[in-house]
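Read in order, the letters of the sequence shown are residues 11 to 156 in the working numbering. Beta carbons: idealized from backbone N, C-alpha and C, even for Gly. Worksheet for the structure shown next.
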Amino acid sequence: MNKASAFLLVFMAVILSAFSGSALAQTFREPAKGSAERAAIMDTLRPAVEAELRGPVEFVVTTIRVTPNWAFVQVEPQRPGGGVIDPEETGFAGESDMMDGLTTYALMGFQAGRWNLIDHIVGPTDVGYAAWQQRYGVPAALLGME
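Here's what the structure looks like:
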């Protein structure tokens with residue numbers, strides 16, 4: 011093997027290693043409780059959930075993963091002050107036996123300097139957000155599907 015071939019092999023190995031494993035892994039962050047970013051993300055979701063649950067809500071955040079362009083959350087809605095929400099007094103009246111509680115999953119995109127609600131689902135009995143990766147081009151790891 012001549013020097014040019016050896017150099018090319020080493021160069022290709024370096025390039026391939028740069029694009030494998032952890033180099034391709036997405037880096038996510040979890041905005042701190044009380045931070046402006048976390049509040050903005052929750053405030054983006056709140057109007058849609060309040061409309062469906064017919065009243066004001068607070069969120070208990072179970073999961074929040076954020077990249078510069080995306081946010082994925084899993085939250086448990088409750089009434090302000092921690093009040094329990096009766097599904098029969100919401101837009102889901104008569105459907106609660108086909109739901110897995112009021113656990114809410116949401117996807118937000120950061121565009122034009124603000125968070126925008128892309129999609130959400132309340133009370134799915136399966137992985138209701140599984141199609142979001144393909145539908146919206148969101149990284150699978152953001153959804154916890156890797």
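| query | result |
| --- | --- |
| Identify the residues that DSSP records as bridge partners of MET118: which are they? | ALA81 and LEU127 |
| Could you have a look at THR72 and say whether DSSP puts it in helix, strand or coil? | strand |
| Closer than 6 Å by C-beta to ALA116: which residues in its own chain qualify, once you throw out the five before and the five after it? Chain order, please. | LEU55, VAL83 and HIS130 |
| Can you have a look at ALA141 and say buried or exposed, based on whether 16 or more other CB atoms are within 10 angstroms of its CB? | exposed |
| When you compare the region 38 to 45 with the region 106 to 113, are there three or more beta-carbon pairs, one atom per stretch, that lie closer than 8 Å? | no |
| Given a threshold of 16 other Cβ atoms within 10 Å of its Cβ, counted over all protein chains shown, does MET52 qualify as buried or as exposed? | buried |
| Please list the terminal residues of the continuous alpha helix (DSSP H) segment that includes THR54. | 46 to 63 |
| Tell me the residue span of the alpha helix (DSSP H) that contains TYR139. | That residue, TYR139, is in no alpha helix (DSSP H); it is neither H nor E in DSSP. |
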